[in-house]
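Before any comments, here is the structure.
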């Protein structure tokens with residue numbers, strides 16, 4: 001028997017760029033830094049994910 005493999009899915013880089021309103025976000029989660037992952041706010045839209053810098057000014061308004 002072999003152990004089950006788990007793929008690492010996380011943000012390894014972030015952007016401060018604003019996510020346009022035309023992109024309909026469905027949810028978000030906070031990610032802690034644990035290499036190779038970095039601290040991030042991950043926004044989800046359908047099957048897309050956006051890795052955002054938690055220090056970006058617009059983030060706090062978006063997650064309220």
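In full-length UniProt numbering, the protein residues as written are 1 to 64.
Where is the CB? At the ideal position from N, CA and C, for every residue including glycine.
Could you check if residue 52 is buried or exposed, using at least 16 other CB atoms within 10 Å of its CB as the buried criterion?
In the chain shown, residue 52 corresponds to position 52, counting from 1. Residue 52 comes out buried.
Would you identify the three-state DSSP class for residue 59, choosing helix, strand or coil?
Within the chain shown, the letter at position 59 stands for residue 59. Three-state result, residue 59: helix.
Determine the direct distance from the alpha carbon of residue 24 to that of residue 18, and round the result to whole angstroms.
Residue numbering aside, residue 18 sits at position 18 when the chain shown is read from its first letter. Residue numbering aside, residue 24 sits at position 24 when the chain shown is read from its first letter. Their backbone Cα atoms lie some 13 Å apart in a straight line.
Residue 35 - partner residues in DSSP beta bridges:
Start at 1 with the first residue of the chain shown, and residue 35 comes out as number 35. Beta-bridge pairing links residue 35 to no other residue.
Using 8 Å for Cβ pairs, my map puts residue 42 next to residue 49. What's the rounded Cβ distance?
Position 42 of the chain shown, counted from the start, is the residue given in the question as residue 42. Position 49 of the chain shown, counted from the start, is the residue given in the question as residue 49. Going by Cβ atoms, the distance from residue 42 to residue 49 rounds to 6 Å, so yes, they are a contact pair.
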